[in-house]
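Notes follow once the structure below has been shown.
There are 2 protein chains.
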Amino acid sequence: MRVSYDELHQTLLRALLGVGFERGRADLCARLFAETDLDGVYTHGLKRFPRFLEQIRRGLVDIHASPELITGAGALERWDGRRGPGNLNAHDSMRRAIALSREHGVGCVALRETNHWMRGGSYGWQAAEAGRVGVCWTNTMPNLPPWGATQARLGNNPLVIAVPRAPEHVVLDMAMSQFSYGALAAYRARGEQLPVDGGFDLDGRLTRDPAAIEESARPLPIGFWKGSGLALMLDLTAALLAGGLATHQIPADAVEESGVSQVFLAFDLSALGGQEAASSLADEIVKHFKNDSAEGEAVRYPGERVLNVRRENLERGIPVDPEVWEQLK
Amino acid sequence: MRVSYDELHQTLLRALLGVGFERGRADLCARLFAETDLDGVYTHGLKRFPRFLEQIRRGLVDIHASPELITGAGALERWDGRRGPGNLNAHDSMRRAIALSREHGVGCVALRETNHWMRGGSYGWQAAEAGRVGVCWTNTMPNLPPWGATQARLGNNPLVIAVPRAPEHVVLDMAMSQFSYGALAAYRARGEQLPVDGGFDLDGRLTRDPAAIEESARPLPIGFWKGSGLALMLDLTAALLAGGLATHQIPADAVEESGVSQVFLAFDLSALGGQEAASSLADEIVKHFKNDSAEGEAVRYPGERVLNVRRENLERGIPVDPEVWEQLK
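Just so you know, the protein sequences line up as chains A and B, in that order. Every number in my numbering is 1136 more than the matching position in the first sequence, counting from 1. Every number in my numbering is 1136 more than the matching position in the second sequence, counting from 1.
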């Protein structure tokens, strides 16, 4: 089942107005959800909307709260998200980092007491569309065992890096686990094995069987010990810069997960001059990375799949889960 | 064979004075090399020193060149490394980023036309010792095939993230390849298999055999497609911010590799207040990550091995390759 972008956006907007959002905030929040599905990141859009409404009902997300400045030091600011909607808070924070970069060349907003930002890539696209190199990351509840451990004591702490390029930006949006639980469930549902080892089974052996990993709750960090270390650094830097909660202080429950810490960085290339040269160098780097001429190779740059799906979904409509869709309407 | 830190430092210092370095620069350069061996990163210290001298002889490294400011925009500056010694240039750049962070909360130096920074971790420790959260990365010559490709079109682009903590800092220093060529050679020399898949063999199968990966020249990026994407973003951001060379423009030869691009970021936690709370939170996060009580687990945080080796080498002397050592003396 497919629906148009406008229909999806309007339907989400009505639902948000229905639970009491102000009009402008409802519109942006609905847009961020709808664009996530438009771009094919189906795990973080409509599918997650019922959980978002549940978090509002439980008082974990305060729909009227906006970030509040705690302390600023020029290009570096610390804000309190006051447990507002995670995607609105994140969008606000990247907008503020972009504004700071206009003034200082680089801008950094550290945000505490916020909520799940849904699709992290959204704030990368936001930065790139403003002509900025954007970097942001978030910590999460514990959902990933450190390398050498069996219990989830790390978050999968997604990291986003975006580079503006005409006509199409390059946006990396990656969690520190090799496969998310959503991806594991999708492989299992299709009866497929993972393309590479994704975690351990109950006997502590590396496996490509998604069900065995769900059972052991031992997914792999990317690069084994390397991603384990990187996830720790992302938690440390987010919590310390934001003065907020670290992963081990966040409830390990997909609905209760609240109060996370995030960092948003924007770099203003135009402050350094030669923006056209930069865009053309970016294009050259990506072309060389892809090297389309190499036989039998399918090398995709970060964000390339998103752009293809976006075009297809704009034309054909966005696939929606009929059950979630009916419930929402 | 082991030598004391002072003997190693003095011997390197004499060699640098011998090829014409000014005294102060020779001293710092020798210290950065000697500390690398002291910390057990033997691939990037004394062992690499002959190659460094060869680069000086060939005119790839200009021992008298220092970075020059190209353009500044408040907290973001672009510098030209003028092909000076890579470790001195990097140390200068992190020092400048630290100074900028004192003024602006965050400081960023993008450096073009520099040389191999030797051990990237050095500049992470430098930031942490100055009480800063430090982040830096470099591009390199092409030495890693993108995911889906067979030819090396990416650099392994090391990324460093450092967090100050009393009494011991947390410093991640990781390349985007799962194993460096140095690591592959070491495993092969010991007749050992890799602990996890490290690349492809000539038939395109994943393998733990280090010799097979050296033969195919197809090491794996960390996390397969994920590290491939991250390495691309590090090259893009370094080249664009520095206005310098990208990986595909850097000669793919370990001696000829020159003119790389780097980024140095420092964040001043004290500008946000509550530095003691930050240090105690960092400690709590690391303790929770390690969770020493868990049976049979050996979870190490980034930098932990370095600290253990540093203590041992200070006490027992630093292991040196007798051949390189005699040649140097």
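Glycine is no exception: its CB is placed at the ideal position from the N, C-alpha and C atoms.
Are residue i and residue j close, meaning C-beta to C-beta below 9 Å?
| i | j | result |
| --- | --- | --- |
| Tyr1141 (chain A) | Leu1189 (chain A) | no |
| Gln1314 (chain B) | Leu1356 (chain B) | yes |
| Leu1290 (chain A) | Pro1278 (chain A) | yes |
| Gly1220 (chain A) | His1200 (chain A) | yes |
| Asn1292 (chain B) | Asn1251 (chain B) | no |
| Leu1408 (chain A) | Ala1209 (chain B) | yes |
| Tyr1259 (chain B) | Pro1455 (chain B) | no |
| Gly1335 (chain B) | Ala1348 (chain B) | yes |
| Val1399 (chain A) | Ala1382 (chain A) | no |
| Ala1374 (chain A) | Trp1273 (chain A) | yes |
Quick one: does residue i have its CB under 9 Å from some CB of chain B?
| i | result |
| --- | --- |
| Met1369 (chain A) | yes |
| His1240 (chain A) | yes |
| Pro1455 (chain A) | no |
| Asn1292 (chain A) | no |
| Gly1261 (chain A) | What sits at residue 1261 (chain A) in the sequence shown is Trp, not Gly. Answer no: the Cβ-Cβ gap between Trp1261 (chain A) and chain B never drops below 9 Å. |
| Ser1364 (chain A) | yes |
| Ser1237 (chain A) | yes |
| Pro1355 (chain A) | no |
| Val1299 (chain A) | yes |
| Val1306 (chain A) | yes |
| Tyr1317 (chain A) | no |
| Val1460 (chain A) | no |
| Thr1286 (chain A) | yes |
| Leu1247 (chain A) | no |
| Pro1282 (chain A) | yes |
Would you identify the three-state DSSP class for residue i, choosing helix, strand or coil?
| i | result |
| --- | --- |
| Ala1321 (chain A) | helix |
| Trp1283 (chain A) | coil |
| Pro1303 (chain B) | coil |
| Glu1158 (chain A) | coil |
| Asp1175 (chain B) | coil |
| Trp1253 (chain A) | coil |
| Val1442 (chain A) | helix |
| Glu1213 (chain A) | strand |
| Arg1202 (chain B) | With the sequence shown as reference, residue 1202 (chain B) is identified as Ser, and Arg is not the correct amino acid for it. In this structure, Ser1202 (chain B) counts as coil in the three-state DSSP scheme. |
| Met1358 (chain B) | Reading off the sequence, residue 1358 (chain B) comes out as Ile, not Met. In the structure shown, Ile1358 (chain B) sits in coil (DSSP, three-state: anything other than H, G, I, E or B). |
| Arg1452 (chain A) | helix |
| Leu1422 (chain A) | Per the sequence presented here, residue 1422 (chain A) reads as Val, with Leu not at that position. Three-state result, Val1422 (chain A): helix. |
| Thr1207 (chain B) | strand |
| Gly1379 (chain A) | coil |
| Gly1270 (chain B) | strand |
| Val1197 (chain A) | coil |
| Ile1386 (chain B) | coil |
| Met1310 (chain A) | strand |
| Ser1100 (chain A) | Outside the displayed range of chain A (1137 to 1465) lies residue 1100 (chain A), so it cannot be described from this structure. |
| Gly1363 (chain B) | helix |
| Thr1276 (chain B) | coil |
| Gly1335 (chain B) | strand |
| Arg1436 (chain A) | coil |
Straight-line CA distance for residue i to residue j?
| i | j | result |
| --- | --- | --- |
| Leu1196 (chain B) | Leu1196 (chain A) | 58 Å |
| Trp1261 (chain A) | Gly1181 (chain B) | 41 Å |
| Glu1448 (chain B) | Val1306 (chain B) | 19 Å |
| Tyr1323 (chain A) | Leu1149 (chain B) | 58 Å |
| Gly1217 (chain A) | Val1391 (chain B) | 50 Å |
| Thr1276 (chain A) | Ile1386 (chain A) | 7 Å |
| Ala1353 (chain B) | Glu1420 (chain B) | 42 Å |
| Asp1404 (chain A) | Pro1282 (chain B) | 28 Å |
| Ala1367 (chain A) | Met1312 (chain A) | 6 Å |
| Ala1319 (chain B) | Ala1285 (chain A) | 24 Å |
| Glu1213 (chain B) | Ala1418 (chain A) | 20 Å |
| Gln1329 (chain A) | Gly1176 (chain B) | 40 Å |
Taking Cβ positions only, does residue i come closer than 9 Å to chain A?
| i | result |
| --- | --- |
| Cys1244 (chain B) | yes |
| His1180 (chain B) | no |
| Asn1223 (chain B) | no |
| Gln1314 (chain B) | yes |
| Asp1333 (chain B) | yes |
| Ala1325 (chain B) | no |
| Met1310 (chain B) | yes |
| Leu1376 (chain B) | yes |
| Arg1289 (chain B) | yes |
| Phe1400 (chain B) | no |
In the region 1147-1159 of chain A, which residues sit with their C-beta less than 8 Å from some C-beta in chain B, listed in chain order? none
Please list, in chain order, the residues of the region 1402-1417 of chain A that have any C-beta partner in chain B closer than 8 Å. Correct list: Phe1403, Asp1404, Leu1405, Ala1407, Leu1408, Gly1409, Gly1410, Ala1413, Ala1414 and Leu1417.
Along the region 1436-1456 of chain B, what residues have a CB closer than 8 Å to any CB found in chain A? Arg1436, Tyr1437 and Pro1438
Just by C-beta distance, which residues in the region 1201-1213 of chain B are closer than 7 Å to chain A? Thr1207, Ala1209, Gly1210, Ala1211 and Leu1212
In chain order, what residues of the region 1160-1172 of chain B put their CB closer than 9 Å to some CB of chain A? Along the region 1160-1172 of chain B, there is no position whose C-beta sits under 9 Å from a C-beta of chain A.
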